[in-house]
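See structure below.
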Amino acid sequence: MLWANGPSMTDTSTNLHAAFAKVIDTGLDTLVASGTLPARLPRAAITCEPPRDTSHGDLSTNAAMVLAKPAGTNPRALAALLIAELQKDTRVVSAEIAGPGFINLRLTDAAWLGELALIGSAGADYGRSTMGGGKIVNVEYVSANPTGPMHMGHCRGAVVGDALAQLLEFAGHKVIKEYYVNDAGAQVDVLARSAHVRYREALGIDVGAIPEGLYPGDYLVPVGQALASEFGDKFVDAPEADWLIPFRTRAVAAMLVMIRNDLALLGIHHDLFSSEAELQAAGKPEAAEKWLRAHDLVYDGQLEAPKGKTLDDWESVELPLFRSTKFGDDQDRPIKKSDGSWTYFGADLAYHFQKAETADALVDIWGADHAGTVKRIKAAVAALTGAEGAPPKPFEIKLVQMVQLLRDGEPVKMSKRSGNFVTLAEVVEEVGKDVVRFSMLTRKPDAQMDFDFAKVVEASKDNPVFYVQYAHARICRNIAKGRDEGFAPSAENLALLGAEELELVRLAAQFPRIVESAAVAREPHRIAFFLNDLAAGFHSFYNLGNDRAEKRFIVAHDSALTAARLFLAAQIGQVVKNGLALLGVEAAEEL
RNA sequence: GCACCCGUAGCUCAGCCGGAUAGAGCACCAGAUUCCUAAUCUGGGGGCCAUGGGUUCGAAUCCCGUCGGGUGCACCA
306 MLWANGPSMT DTSTNLHAAF AKVIDTGLDT LVASGTLPAR LPRAAITCEP PRDTSHGDLS
366 TNAAMVLAKP AGTNPRALAA LLIAELQKDT RVVSAEIAGP GFINLRLTDA AWLGELALIG
426 SAGADYGRST MGGGKIVNVE YVSANPTGPM HMGHCRGAVV GDALAQLLEF AGHKVIKEYY
486 VNDAGAQVDV LARSAHVRYR EALGIDVGAI PEGLYPGDYL VPVGQALASE FGDKFVDAPE
546 ADWLIPFRTR AVAAMLVMIR NDLALLGIHH DLFSSEAELQ AAGKPEAAEK WLRAHDLVYD
606 GQLEAPKGKT LDDWESVELP LFRSTKFGDD QDRPIKKSDG SWTYFGADLA YHFQKAETAD
666 ALVDIWGADH AGTVKRIKAA VAALTGAEGA PPKPFEIKLV QMVQLLRDGE PVKMSKRSGN
726 FVTLAEVVEE VGKDVVRFSM LTRKPDAQMD FDFAKVVEAS KDNPVFYVQY AHARICRNIA
786 KGRDEGFAPS AENLALLGAE ELELVRLAAQ FPRIVESAAV AREPHRIAFF LNDLAAGFHS
846 FYNLGNDRAE KRFIVAHDSA LTAARLFLAA QIGQVVKNGL ALLGVEAAEE L
């Protein structure tokens with residue numbers, strides 16, 4: 306599996322799972338070299354992973370089943386040949402054919418203990434991969450409009466994007482975490498007008514209710530006050546044209562400060578905030594349009610009436626259209642409005658082209674409500690970055706499904722315009738960053754989820770994040786206790802560890818391959834589930850000591866065993882900590 | 001009408017680029033604390049993997065249809 310997508314950059318000396326993928330690969334090479342197997346068999350579908358049922362062995366490969374047909378033989382015959390090769394590895398205790406043609410491997414205890422020692426020497430880098438080959442990946446996430454504070458609707462994409470960015474970095478990429486600031490559309494003009502009302506209010510004018518269509522939230526009160534102290538009464542009765550731009554600039558800046566603070570509550574810090582207004586001022590959309598027109602991908606045409614709804618006032622006009630129908634979209638999409646300004650799409654394609662200049666691959670995290678625009682932007686980016694026959698830049702859009710917000714079981718329709726929303730800050734303050742982050746990462750992003758504010762506050766004590774954190778805290782406590790009693794973790798006598806301890810090592814040793822597979826799939830939630838499994842394994846082992854005192858970490862009369870056990874505990878703790886770090890969750894030392 | 005996502009235990013969800021007997025938590029039942037903090041552990045019951053076809057050695061997983069839920073279908077952002 307690791308070699309599925311071209312040459313693996315994995316340093317095969319780093320961990321056992323990667324090493325055995327390589328062992329199988331070279332075993333097959335040997336069979337090919339001796340003429341036993343035909344060359345060029347497709348190996349992409351070969352896997353090497355722990356079997357679900359651990360009684361089947363430590364590792365299992367489907368190589369014989371996958372290759373039998375193309376090799377013109379049957380799985381069991383091929384398995385026998387491959388087994389002969391695999392048994393040459395001194396770490397292999399047994400290699401058996403099972404079921405329809407699986408090869409089950411058992412490895413020596415020493416091999417697993419070597420892996421345990423490796424965790425110790427790698428420390429915070431255990432699980433780090435070179436798979437990404439240093440390729441630069443731009444991850445764009447959040448990108449909420451700068452018109453108000455972050456609310457819970459933004460939360461999931463923010464957490465998933467942030468965890469993914471860290472995961473990709475750990476998997477060997479250089480990552481740029483980017484936030485696209487939509488500071489050029491009509492919504493920021495509305496923001497400026499809303500700020501103007503608050504500005505008048507700050508000057509003592511009775512403004513009454515906030516007019517319909519403006520943002521009513523009182524987070525704009527301080528913005529109005531700041532404008533009042535900066536400009537005095539200069540713009541109170543001035544025409545909009547006089548104040549719109551300075552008010553907009555200042556209001557957007559204030560919103561971004563607020564948004565950064567909100568994101569910081571979740572531990573999220575972007576590397577780059579890119580301004581749509583600056584992009585437009587720099588003429589990027591014009592350049593993109595010019596190129597697209599030259600390649601007949603933009604033309605002046607009539608826009609079709611929207612499907613599925615009847616607009617009474619529909620009027621066909623001629624606009625510059627991008628040929629997205631060539632790429633599976635159901636109609637061509639305008640890049641400019643009839644007033645000559647850019648559509649969101651028109652600016653966005655130029656923005657993506659700009660990102661592609663400094664990155665080897667692009668990943669966008671979007672809310673599912675934007676799913677309808679995926680085809681057009683992917684098409685435009687493929688066209689722009691694939692210019693002159695070059696292969697297009699890899700560009701993925703990960704859709705994060707909606708979070709249905711409930712309050713007392715009732716759906717909350719959130720809208721900044723109505724001022725009715727649950728802010729991210731209030732939730733984080735109530736239940737904590739770790740609970741929020743872990744909750745958002747314990748399900749796959751493409752399934753909808755409910756988020757009941759009251760329920761989450763109520764249930765936060767039972768949140769699975771504490772289960773994982775408790776495992777880490779228990780480990781820290783036991784190491785501290787050992788230290789108090791004069792014991793220190795040591796890798797010197799790991800051979801004293803028993804079968805249950807080795808079971809735990811096998812589990813922890815999966816971390817590197819989980820990291821790689823999660824990174825390839827762009828699915829950070831896999832890390833969360835792995836940590837839950839690892840914590841369960843640890844807690845289970847820990848409780849053996851309830852009935853069997855000789856299984857405790859600290860066995861006072863046996864300092865060599867205690868040192869080995871504490872070393873084991875420390876390394877399990879290390880893996881938990883490394884995993885939690887990817888999720889942006891604290892590895893608490895006590896709860 | 002069209003596009004995308006989802007449908008797995010009573011509930012919330014893993015598993016899905018095909019693999020062996022489909023898993024976990026909650027809830028329920030029965031146990032384990034003079035014993036490393038029980039925020040833990042052990043055991044039990046509970047499934048037509050929505051449904052009908054197809055592909056193949058093998059399908060919860062891939063393909064097609066149907067049903068059900070969600071989202072979107074502006075020159076908005």
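To convert a position in the first sequence, counted from 1, into the working numbering, add 305.
Yeah, the Cβ is synthetic: ideal placement off N, Cα and C, and Gly gets one too.
- Less than 8 angstroms separates the beta-carbon of Glu445 from that of Ile670.
- In the structure shown, the three-state DSSP call for Lys393 is coil.
- DSSP, reduced to helix, strand and coil, places Ile550 within a helical segment of the structure shown.
- Under the DSSP assignment, Tyr504 falls in the alpha helix (DSSP H) whose first and last residues are 491-507.
- Cβ neighbours of Val328 within its own chain (closer than 6 angstroms, five residues either side excluded): Asp394.
- Comparing alpha-carbon positions, the option among Glu797, Gly458, Thr366, Pro516 lying closest to Ala323 turns out to be Thr366.
- Trp671 is bridged by DSSP to Leu704.
- Listed in chain order, the non-local C-beta contacts of Val733 below 7 angstroms within the same chain comprise Leu570, Leu571, Val741, local neighbours out to five positions each way being set aside.
- Counted as a single uninterrupted DSSP element, the stretch harbouring Leu342 is not any beta strand (DSSP E), since DSSP gives it neither H nor E.
- A distance below 7 angstroms between beta-carbons, with the five flanking residues on each side excluded, links His844 to the following residues of its chain, in chain order: Ala776.
- By the criterion of a C-beta distance shorter than 7 angstroms, Leu549 is surrounded in its chain by Asp494, Ala497, once the five residues flanking it on both sides are discounted.
- Scanning Ala800, Phe756, Gly694 for the CA closest to the CA of Gln709 turns up Phe756.
- Listed as beta-bridge partners of Leu364 by DSSP are Leu410.
- Within the segment 404-492, the complete alpha helix (DSSP H) segments at least 4 residues long are 414-427, 457-475, listed from N- to C-terminus.
- DSSP lists Tyr604, Pro639 as the beta-bridge partner residues of Leu626.
- At the C-beta level, Val820 and Pro750 stay beyond 8 angstroms of one another.
- In terms of Cα proximity to Ala684, the closest of Leu584, Glu474, His575, Thr630 is Thr630.
- Annotation for Glu735: Val762 place their beta carbon closer than 7 angstroms to its own, counting only its chain and skipping 5 residues before and after.
- Here Val881 carries a helix assignment [DSSP, helix/strand/coil].
- For the options Asp538, Leu472, Phe792, the alpha carbon positioned closest to that of Ser822 is the one of Leu472.
- A residue is called buried when at least 16 other Cβ atoms come within 10 angstroms of its Cβ; Gln753 does not meet this threshold and is exposed.
- With a beta-carbon spacing of about 6 angstroms, Arg555 and Leu532 fall inside the 8 angstroms limit used to define contacts.
- Straight-line measurement puts the Cα of Leu383 at about 51 angstroms from the Cα of Val447.
- As computed with DSSP, Gln709 is found in a beta bridge with Asp755.
- When only Cα atoms are considered, Asp567 and Gly651 end up about 29 angstroms apart.
- By the beta-carbon neighbour count (other beta carbons within 10 angstroms, threshold 16), Gln607 is exposed.
- By the neighbour-count definition (other C-beta atoms within 10 Å, threshold 16), Gly522 is a buried residue.
- As the crow flies, the alpha-carbon of Lys642 is around 12 angstroms from that of Ala491.
- By the neighbour-count definition (other C-beta atoms within 10 Å, threshold 16), Arg853 is an exposed residue.
- Under the DSSP assignment, Ser579 falls in the beta strand (DSSP E) whose first and last residues are 577-580.
- Residue pairing for Ser399: DSSP places it in a beta bridge opposite Arg411.
- For the pair of segments examined, the segment 480-487 was found not to touch the segment 691-705: the number of CB pairs separated by less than 8 angstroms stays below three.
- With a contact defined as Cβ atoms closer than 8 angstroms, His456 and Thr728 qualify at about 5 angstroms.
- Close CB contacts of Glu790 within its chain, under the 8 angstroms cut and outside five residues either way in sequence, are with Ile859, Ala861 (chain order).
- For a cut-off of 8 angstroms, the C-beta gap from Ala800 to Leu418 is around 7 angstroms, short enough to register as a contact.
- Ala841 carries a helical assignment under DSSP once its states are collapsed to helix, strand and coil.
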